[in-house]
Amino acid sequence: MLVEDMMVKDVHTLKETDPIERALRLMKEKKIRHIPVVDGEKRVIGIVTDRDIRSAVPSVFYSREHEEVFQMPVKSIMKRDVITVHPLDFVEDAAVVLFENRIGCLPVVKENRLVGIITQTDVLEAFIQLVGANQPGSRIEVRVPNRAGMLHEVAGLIREHHVNIHSVLVYPDKKGSDDKILVFRLGTMNPRPIADKIREKGFAVLWPVPPEMKS
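Residue numbers (my numbering): 53 to 267.
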């Protein structure tokens with residue numbers, strides 16, 4: 053999935069000369085927390101967040117006694133070293149950038165001009181779609197040796213039950229071994245017959261657990 057598939061294209065922006073009051077009003081009206089600051093050519097020159105405003109005006113939500121602060125230009129509080137992504141970047145790469153830099157959004161830039169914005173919420177929505185969590189179904193988790201062909205073998209056992217696989221995730225076993233954990237989202241509400249078949253073939257099924265193991 054690409055950034056352009058999930059980004060917001062109708063981006064609210066500010067000019068660097070706009071007052072802080074305008075930024076605050078825009079955030080309240082549009083229920084947003086990040087606003088890119090652009091020049092006349094739609095090039096990103098900064099970004100303003102709700103946190104920047106709170107830092108500049110600690111009493112902003114309680115008092116209007118410091119009116120002059122609200123009339124200061126946003127360039128006085130905006131962050132200038134803005135990290136951006138391209139529309140054709142992968143969403144998972146954008147997620148890594150957000151995580152590693154502890155930021156809440158990424159302006160999307162093409163040919164040096166702002167074309168969109170992607171936020172943590174957009175990335176979370178993309179993750180939900182990718183793993184099929186918003187589709188009716190169930191899941192099976194299987195521990196397998198870290199060698200070629202394991203995914204194909206387990207998927208073949210699922211195929212024998214004529215059940216559709218919505219998505220597959222693979223992550224390392226956190227118990228210190230070299231094994232991998234396969235997580236299947238399946239188009240069935242009853243995964244137990246499939247889980248039983250996978251166990252019969254010698255694989256460790258972590259979920260669903262057998263009824264006799266529940267207490």
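Positions of the beta carbon are idealized from the N, C-alpha and C atoms, including for glycine. Every value quoted in this text rests on a predicted model; they were computed, and no experiment measured them.
Run through DSSP, which three-state label would residue i get?
| i | result |
| --- | --- |
| Leu238 | strand |
| Phe142 | strand |
| Val148 | helix |
| Val109 | coil |
| Glu252 | helix |
| Gly92 | coil |
| Lys67 | coil |
| Lys135 | Note that residue 135 is Ile in the sequence shown, not Lys. Looking at Ile135 - three-state DSSP - the assignment turns out to be coil, as it is neither helix nor strand. |
| Lys103 | Note on residue identity: the sequence assigns Arg, not Lys, to residue 103. DSSP places Arg103 in helix when its eight states are reduced to three. |
| Ile129 | coil |
| Arg244 | helix |
Give a yes or no on whether 8 Å exceeds the smallest Cβ distance from residue i to chain C.
| i | result |
| --- | --- |
| Leu140 | The structure shown contains no chain C; it is built from a single protein chain. |
How many whole angstroms separate the CB atoms of residue i and residue j, which I take to be in contact at a CB cut-off of 8 Å?
| i | j | result |
| --- | --- | --- |
| Ile99 | Ile87 | 7 Å |
| Ile192 | Val96 | No, Ile192 and Val96 are not in contact; Cβ-Cβ is about 44 Å, not under 8 Å. |
| Glu177 | Met58 | 7 Å |
| Leu150 | Gly189 | That pair is no contact at about 28 Å. |
| Ile135 | Leu166 | Going by Cβ atoms, the distance from Ile135 to Leu166 rounds to 13 Å, so no, they are not a contact pair. |
| Val183 | Ile170 | Going by Cβ atoms, the distance from Val183 to Ile170 rounds to 18 Å, so no, they are not a contact pair. |
| Val89 | Met130 | 5 Å |
| Lys253 | Leu209 | 6 Å |
| Val55 | Ala146 | 5 Å |
| Leu78 | Val126 | About 10 Å; that fails the 8 Å criterion. |
Classify residue i: buried if its beta carbon has 16 or more other beta carbons within 10 angstroms, exposed otherwise.
| i | result |
| --- | --- |
| Gly92 | exposed |
| Tyr114 | Because Tyr114 sits at a pLDDT of 48, beneath the cut-off of 50, its placement in the model cannot be relied upon, and the following sentence gives the value as read from the coordinates. Exposed, because fewer than 16 other Cβ atoms sit within 10 Å of the Cβ of Tyr114. |
| Asp104 | buried |
| Ala207 | exposed |
| Val137 | buried |
| Met241 | exposed |
Tell me where the beta strand (DSSP E) around residue i begins and ends.
| i | result |
| --- | --- |
| Lys80 | Unbroken run through Lys80 is the alpha helix (DSSP H), 72 to 82; no beta strand (DSSP E). |
| Leu158 | 157 to 162 |
Where do the N-terminal and C-terminal ends of the alpha helix (DSSP H) with residue i fall, by residue?
| i | result |
| --- | --- |
| Ile217 | Note, Ile217: premise wrong, no alpha helix (DSSP H); beta strand (DSSP E) at 217 to 224. |
| Lys227 | Careful: Lys227 lies outside any alpha helix (DSSP H) and carries neither H nor E. |
| Thr173 | 172 to 183 |
| Ile192 | Run containing Ile192: none in the alpha helix (DSSP H); it sits in the beta strand (DSSP E), 190 to 196. |
| Ala310 | Because residue 310 is not part of the residues shown, which for the chain are 53 to 267, the question remains open. |
| Val121 | 119 to 122 |
| Met2 | With the chain represented from 53 up to 267, any question about residue 2 goes unanswered, as that position is not in the structure. |
Out of curiosity, what's the CA-to-CA distance linking residue i and residue j?
| i | j | result |
| --- | --- | --- |
| Asp231 | Ile246 | 21 Å |
| Phe142 | His214 | 32 Å |
| Pro139 | Asp174 | 14 Å |
| Ile155 | Glu144 | 15 Å |
| Arg195 | Asp225 | 8 Å |
| Met124 | Arg106 | 14 Å |
| Arg244 | Pro262 | 8 Å |
| Thr69 | Gln172 | 28 Å |
| Asn186 | Glu163 | 35 Å |
| Lys249 | His218 | 19 Å |
| Arg74 | Ile180 | 34 Å |
| Thr101 | Gly168 | 16 Å |
| Val121 | Tyr223 | 50 Å |
| Arg251 | Val235 | 15 Å |
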